[in-house]
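According to our numbering, the sequence shown is numbered sequentially starting from 20. A short write-up of the structure that comes next.
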Amino acid sequence: MSENYQYQENPFIREDLTHLCLCPCCGAPDCGEEYRLLTKSEGRREAVLFGGASFRMYLNYWFYEGITPEEYDRLPELVRQNNECIGWQDISAECTEINADDFLFTLESIKKGSRKGHLDNDFENYYYPVFKSFTQEVIRKGQKLYINI
Numbered sequence: 020m021s022e023n024y025q026y027q028e029n030p031f032i033r034e035d036l037t038h039l040c041l042c043p044c045c046g047a048p049d050c051g052e053e054y055r056l057l058t059k060s061e062g063r064r065e066a067v068l069f070g071g072a073s074f075r076m077y078l079n080y081w082f083y084e085g086i087t088p089e090e091y092d093r094l095p096e097l098v099r100q101n102n103e104c105i106g107w108q109d110i111s112a113e114c115t116e117i118n119a120d121d122f123l124f125t126l127e128s129i130k131k132g133s134r135k136g137h138l139d140n141d142f143e144n145y146y147y148p149v150f151k152s153f154t155q156e157v158i159r160k161g162q163k164l165y166i167n168i
């Protein structure tokens, strides 16, 4: 079960990937849609900044493929919530706890998915290693992982 959490202070920015994030519609730097992965580590809030439209583009690969209901049910929760506009992707969501193991499953699914040919090099070279390292550290330290949209 996820919970919402308000981060009152500005977090320490561990990585800023926004310079890589181009809007999939117009090609501009993600049209100001900035997302954050967040955690609290040793009393300090830490974040990875990235473009929401760019990242959702990776999540949307499964939405239009016409997969069976059984295949859909096996998708990561993060992907299903994105498709259904619930959980972290609910219009009223701001800073929502997400399952760190599911987020790693999502990253692996994107990297190894059937639409891999549609990925740009930025996912494998930047998003994947940064998100994976950040999330593995959250898991190793027993922390919670949040996404702020």
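Even for Gly, the Cβ is constructed at its ideal location relative to N, Cα and C.
Determine whether the beta carbon atoms of TYR54 and ASN167 lie at a separation below 8 Å. Position 35 of the sequence shown, counted from the start, is the residue given in the question as residue 54. Position 148 of the sequence shown, counted from the start, is the residue given in the question as residue 167. For TYR54 and ASN167, yes; Cβs fall inside 8 Å.
Under three-state DSSP, which class holds ASP109? Within the sequence shown, residue 109 is the residue found at index 90, counting from 1. In the structure shown, ASP109 sits in coil (DSSP, three-state: anything other than H, G, I, E or B).
Hey, how far is the Cα of PHE122 from the Cα of HIS38? Taking the first residue of the sequence shown as position 1, residue 122 is located at position 103. Taking the first residue of the sequence shown as position 1, residue 38 is located at position 19. Looking at the two C-alpha atoms, the distance is approximately 22 Å.
Cα-Cα separation between VAL67 and THR115, rounded to whole angstroms: Taking the first residue of the sequence shown as 1, we reach residue 67 at position 48. Taking the first residue of the sequence shown as 1, we reach residue 115 at position 96. Between VAL67 and THR115, the C-alpha separation is close to 15 Å.
Please return the same chain residues whose Cβ sits closer than 6 Å to the Cβ of PHE124, not counting the five positions on each side in sequence. Here residue 124 refers to the residue found at position 105 when the sequence shown is read from its first residue. Only PRO95 meet the Cβ criterion.
Straight-line CA distance for VAL157 to ALA119? Start at 1 with the first residue of the sequence shown, and residue 157 comes out as number 138. Start at 1 with the first residue of the sequence shown, and residue 119 comes out as number 100. If you take the alpha carbons of VAL157 and ALA119, they lie about 8 Å apart.
Got a sec? Which residues, its chain only, sit under 7 Å from PRO30 by beta carbon, not counting five neighbours each side? What you label residue 30 is simply residue 11 of the sequence shown in a count that begins at 1. Result list for PRO30: LEU57, ARG64, GLU65, ALA66, in chain order.
When DSSP labels each residue in this structure, what does GLY161 get in the three-state scheme? Translated into the one-based positions of the sequence shown, residue 161 becomes position 142. In the three-state reduction of the DSSP assignment, GLY161 falls in the coil class, being assigned neither a helical nor a strand state.
Rounded to whole angstroms, what's the CA-CA distance from GLY85 to LEU164? Just pull it up for me. In the sequence shown, residue 85 corresponds to position 66, counting from 1. In the sequence shown, residue 164 corresponds to position 145, counting from 1. The straight-line gap from Cα to Cα measures roughly 31 Å.
Report buried or exposed for THR87, applying the criterion of at least 16 other Cβ atoms within 10 angstroms of its Cβ. Numbered from 1 along the sequence shown, position 68 holds the residue referred to as residue 87. THR87 comes out exposed.
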